[in-house]
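For reference, the structure discussed in these notes is given below.
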Amino acid sequence: MASASRRLLMKTYAAWIEADEAFRAAQRNLRGFFPGTQSHLSVQIGNRGSRVRQLYNARQRALEKLQLARRQALMEREARRGGARVHLLLVYAG
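Quick note on numbering: the sequence shown equals residues -14 to 79 in our numbering.
Below you can see the structure in the form of C-alpha coordinates.
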(Lines of atoms letter the chains of each structure in order from A and count residues from 1; the text may use other names and numbers.)
(Lines give C-alpha, C1' and ligand atoms only; values in the text may rest on other atoms or scores of the structure.)
Protein backbone atom coordinates (compact mmCIF):
# COMPACT_ATOMS: atom_id res chain seq x y z
CA MET A 1 0.00 0.00 0.00
CA ALA A 2 1.13 3.50 -0.64
CA SER A 3 2.05 5.40 2.47
CA ALA A 4 -0.84 7.90 2.09
CA SER A 5 -3.49 5.22 1.67
CA ARG A 6 -2.00 3.19 4.51
CA ARG A 7 -2.01 6.22 6.82
CA LEU A 8 -5.63 6.94 5.89
CA LEU A 9 -6.58 3.33 6.55
CA MET A 10 -4.85 3.32 9.94
CA LYS A 11 -6.43 6.67 10.87
CA THR A 12 -9.94 5.50 9.99
CA TYR A 13 -9.35 2.21 11.82
CA ALA A 14 -8.29 4.09 14.96
CA ALA A 15 -11.38 6.31 14.67
CA TRP A 16 -13.61 3.25 14.37
CA ILE A 17 -11.98 1.60 17.41
CA GLU A 18 -12.55 4.79 19.42
CA ALA A 19 -16.20 5.08 18.32
CA ASP A 20 -16.82 1.39 18.99
CA GLU A 21 -15.37 1.61 22.49
CA ALA A 22 -17.46 4.70 23.29
CA PHE A 23 -20.62 2.92 22.12
CA ARG A 24 -19.81 -0.23 24.09
CA ALA A 25 -19.08 1.82 27.22
CA ALA A 26 -22.45 3.56 26.87
CA GLN A 27 -24.15 0.17 26.49
CA ARG A 28 -22.42 -1.15 29.61
CA ASN A 29 -23.56 1.95 31.48
CA LEU A 30 -27.10 1.47 30.18
CA ARG A 31 -27.18 -2.11 31.46
CA GLY A 32 -26.63 -0.71 34.94
CA PHE A 33 -29.93 1.16 34.72
CA PHE A 34 -31.89 -1.82 33.37
CA PRO A 35 -30.32 -5.00 34.75
CA GLY A 36 -31.53 -8.27 33.33
CA THR A 37 -33.35 -6.73 30.35
CA GLN A 38 -30.64 -7.30 27.77
CA SER A 39 -30.07 -10.71 26.28
CA HIS A 40 -27.04 -11.65 24.24
CA LEU A 41 -29.05 -11.23 21.01
CA SER A 42 -30.46 -7.75 21.55
CA VAL A 43 -28.72 -4.40 21.19
CA GLN A 44 -30.07 -1.27 22.83
CA ILE A 45 -29.34 1.81 20.73
CA GLY A 46 -31.82 4.24 22.26
CA ASN A 47 -34.43 6.61 20.91
CA ARG A 48 -33.79 9.34 18.38
CA GLY A 49 -31.64 12.05 19.88
CA SER A 50 -30.42 9.92 22.79
CA ARG A 51 -26.72 9.79 23.65
CA VAL A 52 -26.52 6.06 22.96
CA ARG A 53 -28.14 6.53 19.54
CA GLN A 54 -25.67 9.32 18.72
CA LEU A 55 -22.77 7.05 19.66
CA TYR A 56 -24.25 4.23 17.58
CA ASN A 57 -24.60 6.54 14.56
CA ALA A 58 -21.04 7.85 15.01
CA ARG A 59 -19.81 4.24 15.13
CA GLN A 60 -21.68 3.42 11.92
CA ARG A 61 -20.23 6.47 10.14
CA ALA A 62 -16.74 5.50 11.31
CA LEU A 63 -17.27 1.97 9.99
CA GLU A 64 -18.42 3.29 6.60
CA LYS A 65 -15.34 5.52 6.37
CA LEU A 66 -13.13 2.58 7.30
CA GLN A 67 -14.68 0.44 4.56
CA LEU A 68 -14.18 3.21 1.99
CA ALA A 69 -10.56 3.71 3.02
CA ARG A 70 -9.93 -0.04 2.81
CA ARG A 71 -11.51 -0.23 -0.63
CA GLN A 72 -9.40 2.71 -1.83
CA ALA A 73 -6.20 1.16 -0.45
CA LEU A 74 -6.96 -2.16 -2.14
CA MET A 75 -7.71 -0.42 -5.45
CA GLU A 76 -4.41 1.47 -5.26
CA ARG A 77 -2.53 -1.73 -4.47
CA GLU A 78 -4.13 -3.53 -7.43
CA ALA A 79 -3.34 -0.60 -9.73
CA ARG A 80 0.32 -0.72 -8.69
CA ARG A 81 0.48 -4.47 -9.15
CA GLY A 82 -1.08 -4.22 -12.60
CA GLY A 83 1.55 -1.75 -13.81
CA ALA A 84 4.48 -3.77 -12.50
CA ARG A 85 3.43 -7.06 -14.01
CA VAL A 86 6.06 -8.76 -16.17
CA HIS A 87 5.20 -11.19 -18.95
CA LEU A 88 7.85 -13.76 -19.70
CA LEU A 89 7.79 -15.81 -22.86
CA LEU A 90 9.85 -18.96 -22.78
CA VAL A 91 10.68 -20.60 -26.09
CA TYR A 92 11.94 -24.13 -26.18
CA ALA A 93 13.92 -25.10 -29.23
CA GLY A 94 14.64 -28.73 -28.78
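Heads up, the beta-carbon is just placed ideally off N, CA and C, and yes, glycines get one too.
Buried versus exposed, by CB contacts within 10 Å (16 or more), residue i
{"i": "Arg44", "result": "buried"}
{"i": "Phe8", "result": "buried"}
{"i": "Tyr41", "result": "buried"}
{"i": "Leu53", "result": "exposed"}
{"i": "Leu(-7)", "result": "buried"}
Closest Cα partner of residue i within the set the options
{"i": "Ile2", "options": "Lys50, Leu73 and Asn14", "result": "Lys50"}
{"i": "Ser35", "options": "Leu48, Gln12 and Arg46", "result": "Gln12"}
Inter-residue spacing [alpha-carbon to alpha-carbon] between residue i and residue j
{"i": "Leu75", "j": "Leu59", "result": "31 Å"}
{"i": "Arg16", "j": "Asp5", "result": "17 Å"}
{"i": "Arg62", "j": "Phe18", "result": "48 Å"}
{"i": "Gln39", "j": "Lys(-4)", "result": "21 Å"}
{"i": "Gly67", "j": "Ile30", "result": "44 Å"}
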